[in-house]
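Scroll down for the structure; my scribbles are underneath it.
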Amino acid sequence: MRVHSLRDKTALLLDMNSTFMFGEDRFDDAQDYSKIYRHVGGILPAARVNRLIAKAFEYLSVRYPDAGYRQHFPSVAEALRAVSEEPIAACEIARLVETFAYHERGHVSAEYVQVLHRLAEGFRLGLVIDVWAPKDSWLAHFQEIGIMELFEAISFSSDHRHVKPSPHGFRQVLAAMRLPPRQALFIGDSVRRDLAGARAAGLDCVLVGGARSALAMACYADLSALCEQWLSSMP
529 MRVHSLRDKT
539 ALLLDMNSTF
549 MFGEDRFDDA
559 QDYSKIYRHV
569 GGILPAARVN
579 RLIAKAFEYL
589 SVRYPDAGYR
599 QHFPSVAEAL
609 RAVSEEPIAA
619 CEIARLVETF
629 AYHERGHVSA
639 EYVQVLHRLA
649 EGFRLGLVID
659 VWAPKDSWLA
669 HFQEIGIMEL
679 FEAISFSSDH
689 RHVKPSPHGF
699 RQVLAAMRLP
709 PRQALFIGDS
719 VRRDLAGARA
729 AGLDCVLVGG
739 ARSALAMACY
749 ADLSALCEQW
759 LSSMP
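In this note's numbering, the protein residues as written are 529 to 763.
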């Protein structure tokens, strides 16, 4: 992608998972969810906790690509209640949701913290993020590593239940930043979610992380490579 393609772009809207945050969605069979659950004060038996979290993840995973849920995606709490054979007290639901969020959230490495700071020197930044748990854990991580102030607006799908490729989150961030779509560029790692969602909102899109499409403006190995090429070529 040549730098002149960025001439009219004043803002970058970014995806999060596998774009600048990695190690997310730790829901494989090796996980013992009861450890975190117990740490946050939960009292349900370990076997039940592990079963509930695993089933809730499966419940949401099946529905995530389903267009029928795109405008009203279930919450983690709703998924837990749906898969439980017995009622669960509200306080335990809250602890299970906190446990789910711990396993859903990844980490932003020092390298990508630097990349984001460098991008913020040349562009206004916003985030359009799909997560299933409430946003609190992610916001705390952003504050902890010093990137929260880089973003003018953030859309979390768990706030409004619209998941990509719905254009809702993209439009929400554009409105908050008072940006016409032509002045912004979206960067993400998924053809189905990010490219399709961005195009539905009238945004150009660049793909990273190995995703490729003729509909994207460009494709890069990762956000770090994109940053290095763009910023080194700009006047």
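Every residue, glycine too, gets a C-beta built ideally from N, C-alpha and C. Small disclaimer: the values here were computed from a predicted structure and weren't measured.
Residue i (DSSP reduced to helix, strand or coil)
i, result
"R530", "Because R530 sits at a pLDDT of 49, beneath the cut-off of 50, its placement in the model cannot be relied upon, and the following sentence gives the value as read from the coordinates. Reduced to three states, the DSSP call for R530 is coil."
"V659", "coil"
"A746", "strand"
"M544", "coil"
"A539", "strand"
"R652", "strand"
"D732", "strand"
Beta-carbon gap between residue i and residue j smaller than 7 Å
i, j, result
"E632", "A661", "yes"
"R652", "E680", "yes"
"L542", "I715", "yes"
"K537", "L713", "yes"
"A539", "L759", "no"
"A611", "A629", "First, the amino acid is wrong: residue 611 is Val here, not Ala. No. Outside cutoff."
"S683", "Q700", "yes"
"E620", "L572", "yes"
"R623", "Y565", "yes"
"A744", "C733", "yes"
"M705", "G654", "yes"
Expected contact under 8 Å - CB spacing of residue i and residue j to nearest Å
i, j, result
"T547", "D658", "So it is not a contact: roughly 11 Å between Cβ atoms."
"A574", "F555", "Not quite, the Cβ-Cβ distance comes to about 16 Å (not below 8 Å), so this is no contact."
"Y592", "N578", "Going by Cβ atoms, the distance from Y592 to N578 rounds to 21 Å, so no, they are not a contact pair."
"V719", "A739", "5 Å"
Close beta carbons around residue i, own chain, < 7 Å, minus the five adjacent residues each side
i, result
"S685", "F601, I657, D658, V659, V691, G697"
"P693", "R720, R721, A724, G725, A728"
Cβ shell of residue i (< 8 Å), same chain only, five flanking positions each side left out
i, result
"I675", "V636, V641, L644, H645"
"G569", "R623"
Own chain, CB closer than 6 Å to residue i, minus 5 neighbours either side, in chain order
i, result
"Y748", "V736, L754"
"S665", "A629, R633"
"S752", "V643"
Exercise for review: Quick one: which unbroken beta strand (DSSP E) runs of 3-plus residues sit fully inside the segment 661 to 716? Chain order, please.
Suggested key: 679 to 684, 712 to 716
Check your understanding: Which ranges does the alpha helix (DSSP H) cover as unbroken runs of at least 4 residues, wholly within the segment 565 to 643, from first to last along the chain?
Key -> 574 to 591, 604 to 611, 618 to 632
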